[in-house]
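Novice: For the sequence shown, our numbering gives the first residue as 55, with consecutive numbering after it.
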Amino acid sequence: MILALEIVLVITAILMTVFVLLHRGKGGGLSSLFGGGVQANLSGSTIVERNLTRYTIVIAVIWITCIIGLNLAQSFAV
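1. Give the range of the alpha helix (DSSP H) segment to which M55 is assigned.
2. Apart from the five residues just before and just after G121, which ones in its own chain have a Cβ nearer than 8 Å to its Cβ?
3. Give the straight-line distance between the Cα atoms of A127 and I101, rounded to the nearest whole angstrom.
4. Please report how far the alpha carbon of M117 lies from the alpha carbon of S129, in whole angstroms.
5. When the distance is taken between beta carbons, is T66 closer than 9 Å to I111?
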C-alpha cells in the first residue's frame, strides 16, 4: 500500500511539473518582457488551456491525497 502511494506520488509530481510548465504565461514574467504578453492578452483563453488547467487541478488533488495518505500510513504504522 505504501509503495503504491509512493509510486503514484512520484508520477503525479512529474506530471504536475510538466503540466505547470505547459501553461501559457499570463504576463509579469519573462514572456511579457520580450513582447509575448501582448499576444497572450489578445488571444484569450482557449479550450486547450482550460482543459490543461482542469488536468493540473486533478493531478494536484491526487498528489495532495497521496501525501496525506502516506502521512497517515506512517503515523499509524508505529
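For every residue, glycine included, the Cβ atom is placed at its ideal position computed from N, Cα and C.
Specialist: On the basis of the data shown:
1. Along the sequence shown, one-based indexing puts residue 55 at 1. For M55, no alpha helix (DSSP H) run applies, since DSSP gives it neither H nor E.
2. For the purposes of this step, residue 121 is taken as the residue at position 67 of the sequence shown. Correcting the residue identity first, residue 121 is Ile in this sequence and not Gly. L63, listed in sequence order.
3. Position 73 of the sequence shown, counted from the first residue, corresponds to residue 127. Position 47 of the sequence shown, counted from the first residue, corresponds to residue 101. Each residue's Cα considered, the two are about 39 Å apart.
4. The count along the sequence shown starts at 1 and reaches residue 117 at position 63. The count along the sequence shown starts at 1 and reaches residue 129 at position 75. The sequence shown places Trp at residue 117, rather than the Met named in the question. Distance between the alpha carbons of W117 and S129: 19 Å.
5. Counting from 1 along the sequence shown, the entry for residue 111 is found at position 57. Counting from 1 along the sequence shown, the entry for residue 66 is found at position 12. Not closer than 9 Å, so no.
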